[in-house]
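Those protein sequences? They're chains A and B, same order as listed. Mapping of the first sequence onto our numbering: residues 1252 to 1392, in sequence order. Mapping of the second sequence onto our numbering: residues 1252 to 1392, in sequence order. These notes are about the structure you will find just below.
There are 2 protein chains.
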Amino acid sequence: MILLDYKDRRPIYEQVVEKLKDLMICGVLEQDAQLPSVRALATDLSINPNTIQRAYAELERRGFIYSVKGRGSFVADTSSIRALKNSELKKDLVSWIQEAKRAGLTEDKVHTWVVEEWVRQEYLTGEEREDDKSRESDKKI
Amino acid sequence: MILLDYKDRRPIYEQVVEKLKDLMICGVLEQDAQLPSVRALATDLSINPNTIQRAYAELERRGFIYSVKGRGSFVADTSSIRALKNSELKKDLVSWIQEAKRAGLTEDKVHTWVVEEWVRQEYLTGEEREDDKSRESDKKI
DNA sequence: TAAGTGTACTAAGAGTGTTAATACAAAATA
DNA sequence: TATTTTGTATTAACACTCTTAGTACACTTA
């Protein structure tokens, strides 16, 4: 379910928080779905249960999950999570642009990069482009 | 010359490295310009000289500066620094796009964000847009 | 010669993250 | 009902990194 990166500078509990958050955002973990138990996930990742407990506590503090003693931990309202992720992405982009401008990058160059990378990733993941949507809907007729 | 952020998760020596690197990239520190001495910068930032020494050692390891015992530390070839910064920015953008796609953002939305943020930052810094370049060159006649 | 420079080294302290070992309350289950 | 499973809390210990402190040495410059 989760892969840890020990080369990552961030602590394990924070990686777990981010990974689980992403799984909720992309829909793998749906609303009210049960998360693996603290001890089970700890065993699965070969780390201490306390570390998972810390991750779950953080997720609950942020309102991403809710926990019930004796029952388990469950995914909270996903729409608010998605909204938060959206604002985080916007914030990161703003910082990036700020840095890019200082480094002398042009707006045109950035747009080119975005376009190129977008199609490249769609090619890698076998995703369909907007341009191809027409052909796709043809099949459905 | 440099402002430290003690709320930042990154260690001080790494912040110093990044700040100095940025100063070289944006042209404040030109090629072969002398950097402040280890002890002077340490006093200026109110931190231990060892910490600055570590930052300078890292900068030299990366080929951004060269140091001469008894003389001082100086800015190395800035073009290679700029090239590296460019590839770093590209890499960061790729990661961001990957995350944005997973979160369900559309390419159009991203382009809109880039355009909006670009003009906003130019407005904040009093920078001139490409569209205004004609008027600017008029003045020079 | 004296002052300023980079560089090296050891020791100590502080902070954080992680593990370990229990323990308890509540819910689910056999 | 008894057992298991769940979340939660607590304390101690350990490891790792960052930072500071103090000292020392070689080299360049004024």
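Every residue, glycine too, gets a C-beta built ideally from N, C-alpha and C.
- Taking a Cβ-Cβ cut-off of 7 angstroms, B:Gln1282 has no neighbours in chain A, whose nearest Cβ is about 16 angstroms from it.
- Within chain B, not a single residue places a beta-carbon under 7 angstroms from that of A:Arg1305; the smallest gap is close to 17 angstroms.
- When 8 angstroms is used as the limit between beta carbons, A:Ile1348 is near these residues of chain B: Val1365, Glu1368, Trp1369, Gln1372, in chain order.
- By the neighbour-count criterion, in which 16 or more other beta carbons inside 10 Å mark a residue as buried, B:Val1361 falls on the buried side.
- As the crow flies, the alpha-carbon of B:Val1370 is around 48 angstroms from that of A:Ser1288.
- In this structure, A:Leu1254 is the residue among A:Met1275, A:Cys1277, A:Leu1254 with its C-alpha nearest to the C-alpha of A:Gln1266.
- Under the 8 angstroms criterion on CB atoms, B:Leu1344 is classed as interfacial with respect to chain A.
- Linking B:Val1279 to B:Phe1315 through their CA atoms gives a straight-line distance of about 14 angstroms.
- Counting along the chain, the unbroken alpha helix (DSSP H) around A:Ile1332 starts and ends at 1329 to 1353.
- Here the C-alpha atom of B:Gly1323 lies approximately 12 angstroms from the C-alpha atom of B:Gln1304.
- Counting the other Cβ atoms within 10 Å of the Cβ of A:Ala1291 gives fewer than 16, which makes it exposed.
- By the neighbour-count criterion, in which a residue is buried when 16 or more other Cβ atoms sit within 10 angstroms of its Cβ, B:Lys1336 is buried.
- If only complete runs of 3 or more residues are kept, the stretch 1289 to 1333 of chain B shows the beta strand (DSSP E) at 1316 to 1319, 1323 to 1326, in order along the chain.
- Distance check between A:Ile1276 and each of A:Thr1363, A:Ile1332, A:Ser1346 places A:Ile1332 closest, using alpha-carbon atoms only.
- Here DSSP, grouped into helix, strand and coil, assigns B:Gln1372 to helix.
- By the beta-carbon neighbour count (other beta carbons within 10 angstroms, threshold 16), A:Glu1368 is buried.
- With its beta carbon at least 8 angstroms from every one in chain B, A:Ala1308 lies outside the interface.
- DSSP places B:Ile1253 outside any alpha helix (DSSP H), giving it a letter other than H or E.
- Residues of chain B with a Cβ closer than 9 angstroms to the Cβ of A:Arg1353 are, in chain order, Asp1273, Ile1276, Cys1277.
- Look at A:Gln1266 here: in three-state DSSP terms it is helix.
- In the DSSP assignment, B:Gln1285 forms a beta bridge with B:Phe1325.
- If you draw a straight line from the Cα of A:Arg1312 to the Cα of B:Gln1285, it is about 49 angstroms long.
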